[in-house]
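Letter by letter, the sequence shown follows residues 378 to 577 in our numbering. Built from N, CA and C at the ideal position, the CB exists for glycine as well. Take a look at the structure below.
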Amino acid sequence: MMRVPTLAGLFLAAMLLPALAQGGKPGTLPQKPGMQTPMGSCSAEEAQRVEAAFAEAGRLTRNAIAALDGNPQLPEFRRWFGAGPVAPVRRNLVLIRDYLATRRPPQIACNAPQACPRGRFAYTMTQSGAMGFCELFFRARQDGFDTAAGIVIHEVSHAAARTRDIAYSIRGAAVLAKEDPASAATNADNYEYFVESLRR
Numbered sequence: 378m379m380r381v382p383t384l385a386g387l388f389l390a391a392m393l394l395p396a397l398a399q400g401g402k403p404g405t406l407p408q409k410p411g412m413q414t415p416m417g418s419c420s421a422e423e424a425q426r427v428e429a430a431f432a433e434a435g436r437l438t439r440n441a442i443a444a445l446d447g448n449p450q451l452p453e454f455r456r457w458f459g460a461g462p463v464a465p466v467r468r469n470l471v472l473i474r475d476y477l478a479t480r481r482p483p484q485i486a487c488n489a490p491q492a493c494p495r496g497r498f499a500y501t502m503t504q505s506g507a508m509g510f511c512e513l514f515f516r517a518r519q520d521g522f523d524t525a526a527g528i529v530i531h532e533v534s535h536a537a538a539r540t541r542d543i544a545y546s547i548r549g550a551a552v553l554a555k556e557d558p559a560s561a562a563t564n565a566d567n568y569e570y571f572v573e574s575l576r577r
């Protein structure tokens with residue numbers, strides 16, 4: 378069923394568009410006071426797929442922590458976090474794991490046109506922690522990199538561990554890990570790709 382924009386939706390678009398962050402996942406949107414995420418925009422099927430991705434993200438994050446505890450010298454760790462220390466990364470992974478185990482975003486939107494420009498998978502609102510999922514999220518692969526579960530890990534890392542978007546993409550995250558491990562330890566894509574690279 379086609380959704381017809383309402384006046385409220387158009388007003389919301391006018392508020393959101395100036396606040397969009399850089400392209401990519403994206404992840405975070407600076408949230409102006411009083412800004413609301415459009416609710417009720419997820420169909421039952423979309424809501425089910427979002428929840429399934431959250432559940433899988435939790436499983437993958439638990440497995441990644443166990444793998445890191447078993448071998449702090451994992452080659453996957455060096456690929457995504459370089460020569461940096463393990464402890465800060467593990468601490469953030471635990472924050473992500475605990476969020477996924479006990480919480481969900483206070484609000485979730487699906488395919489909100491004003492917040493889903495071309496190339497955006499998902500986004501997180503910086504103040505409220507509300508999350509939105511775009512068409513690319515619902516078309517994401519089920520294995521490899523940039524999976525639906527991995528996208529959730531990226532977004533939850535913003536909310537739970539206050540990660541940033543310093544570099545995007547597999548190549549960008551790998552270069553960041555090599556050249557600036559301290560920044561890699563605060564970059565959302567590095568957490569996503571680390572966890573995805575340990576998928577079992």
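| Asked | Found |
| --- | --- |
| 3 or more residues per run - each beta strand (DSSP E) lying fully within the stretch 513-572 | none |
| Buried versus exposed call for Asn448 [16 or more other C-beta atoms within 10 Å across all chains shown] | exposed |
| Contact the stretch 486-497 vs the stretch 505-525: 3+ CB pairs below 8 Å | yes |
| Touch test, the stretch 468-482 against the stretch 518-533, Cβ-Cβ under 8 Å, three pairs minimum | yes |
| Ala486 versus Asp520, Ala538, Glu422, residue with shortest Cα-Cα distance | Glu422 |
| Whole-angstrom distance between Ser418 and Arg439, CA atom to CA atom | 30 Å |
| Buried or exposed by the 16-neighbour rule on C-beta atoms within 10 Å, applied to Pro483 | exposed |
| Within 8 Å, strictly: CB atoms of Asp566 and Ala544 | yes |
| Close-in-space but distant-in-sequence residues of the same chain around Arg577 (CB under 8 Å, 5 per side omitted) | Asn440 |
| Neighbourhood of Glu569 by C-beta, 6 Å cutoff - its chain only, sequence neighbours within 5 removed | Gly527, Ile530, His531 |
| Opposing strand residues paired with Phe510 [DSSP bridges] | Cys487, Ala499 |
| Sub-8 Å separation of Phe515 and Glu573 beta-carbons | no |
| Inter-residue spacing [alpha-carbon to alpha-carbon] between Glu556 and Asp542 | 16 Å |
| Buried or exposed (CB count within 10 angstroms, at least 16 for buried), Glu433 | buried |
| Buried/exposed call for Pro558, threshold 16 Cβ in 10 Å | buried |
| Ser420, buried or exposed, once every other Cβ within 10 Å from all chains shown has been counted against 16 | exposed |
| Top-ranked residue by Cα proximity to His535, from Met502, Pro462, Ala525, Arg518 | Met502 |
| Cβ-Cβ distance between Phe454 and Phe571 below 8 Å | yes |
| Span of the alpha helix (DSSP H), counted from its first residue to its last, around Pro465 | 463-479 |
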